[in-house]
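Using the working numbering, the first residue of the sequence shown is number 407, and each one after it goes up by one. The beta-carbon is built from N, C-alpha and C at its ideal position, and this holds for glycine as well.
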Amino acid sequence: MEQRTQLCLLGLVFFLFYCSLCEPKQLTGYAFPVYTTGMCPRDETEWIQRSSAINCTKNNGYICIPNENRTELLELCYIYPTTWINKGVCLYLIKRYSRVDSYKCNKFEYGCPDIAYKATQLIHYKSCISIGNGCFLAEPLCKKEWKDNTPDYEQTTQHKDIEIYPVEDNTMEVLLGTVISILLILILIIVNVCCRKRKFSKNADVENADVDVDADVENG
C-alpha cells in the first residue's frame, strides 16, 4: 500500500510538471496577460480552444496579432473584443502602452481586409498574422527581403491563395519531456528497489525473532 502511494505521488508530480510546460509563455511588461504563440488559430475551433486556454471571456475576447516589431505573434484577451476595425488595416500590439494599434495594409499584394471587421474576425485575414523578417509577408518589400535572405527558397508569383503560418519549434519541449520521462522511470525503479529491500529486511527481522523465541522455549 505504501509503495502504491509513493508511485501515485510521483506520477502526480510528473503530470503537473509536464502540464506546466504545455502552458503558453506569458510575457512581462504589459498591463494585462500577453502570451507568445507559434501561430494564430486557423479556424473557429482552434480560436475557441485558444480563447479557453488563456481564460478569455465575452467581455475580453481573444485576439491573436503581431507585436509592434512584427517579430512574433501574441495572443491575449483584449478589453474591446467587439470593436469594429476599418477596412484596409491590420492590427498589432504596442508594448509600451499595452494598446492595440492599426497598420495600413493598402499596399499589401494580397489579403488586406476590404471591409470593416471585428477583432475576433482576424481569423479570416491571414495576411494580417503572417509575419517574417520584421514585416508582414504580404508586403512587397518584405517579400524581397525574405527572398534575399533565403536564396534556396523559390518564391512564387501567385500569392492570392497562399496561407503562410510560422512553424512552431517543439524540439526543446520534446527533448525535455523525454529527459523527464527517463528520470521518472529511474526514480520509480529506485523506489521499487528500496521498498523491496525494506520488505526483505522486515521479513528477516521477523524470522530472526521467531528463531530467538524458539531457542528460549527449548532452553526453558
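So, residue i versus residue j, is the Cβ gap smaller than 7 angstroms?
i, j, result
"residue 537", "residue 456", "no"
"residue 469", "residue 525", "yes"
"residue 513", "residue 495", "no"
"residue 474", "residue 500", "yes"
"residue 437", "residue 504", "yes"
Leaving out five residues before and five after residue i in sequence, what residues of the same chain have Cβ atoms less than 6 angstroms from its Cβ?
i, result
"residue 453", "447 and 529"
"residue 440", "433, 480 and 482"
"residue 602", "none"
"residue 462", "468 and 483"
Measuring CA to CA, which of the options is closest to residue i?
i, options, result
"residue 482", "492, 490, 489 and 471", "471"
"residue 444", "479, 508 and 591", "479"
"residue 531", "539, 541, 520 and 441", "520"
"residue 542", "527, 497 and 464", "497"
"residue 527", "458, 588 and 493", "493"
"residue 533", "539, 518 and 540", "518"
Within a Cβ cutoff of 7 angstroms, which residues of the same chain sit near residue i, ignoring the five residues on either side of it in sequence?
i, result
"residue 466", "483, 484, 485 and 487"
"residue 435", "501"
What residues match up with residue i in a beta bridge as DSSP calls it?
i, result
"residue 432", "441"
"residue 535", "None; residue 535 has no bridge partner."
"residue 481", "441 and 470"
"residue 524", "490"
"residue 509", "496"
"residue 541", "538"
Excluding sequence positions up to five away, which residues of its chain have a Cβ less than 8 angstroms from the Cβ of residue i?
i, result
"residue 489", "524 and 525"
"residue 460", "430, 439, 441, 468, 481, 482 and 483"
"residue 360", "Since the first residue shown for the chain is 407 and the last is 626, residue 360 is missing from the structure and cannot be characterised."
"residue 599", "none"
"residue 604", "none"
"residue 560", "Because the pLDDT of residue 560 is 34, which lies under 50, any placement of that residue in the model is unreliable, and the number read from its coordinates should be weighed accordingly. Result list for residue 560: empty, nothing under 8 angstroms."
"residue 449", "529"
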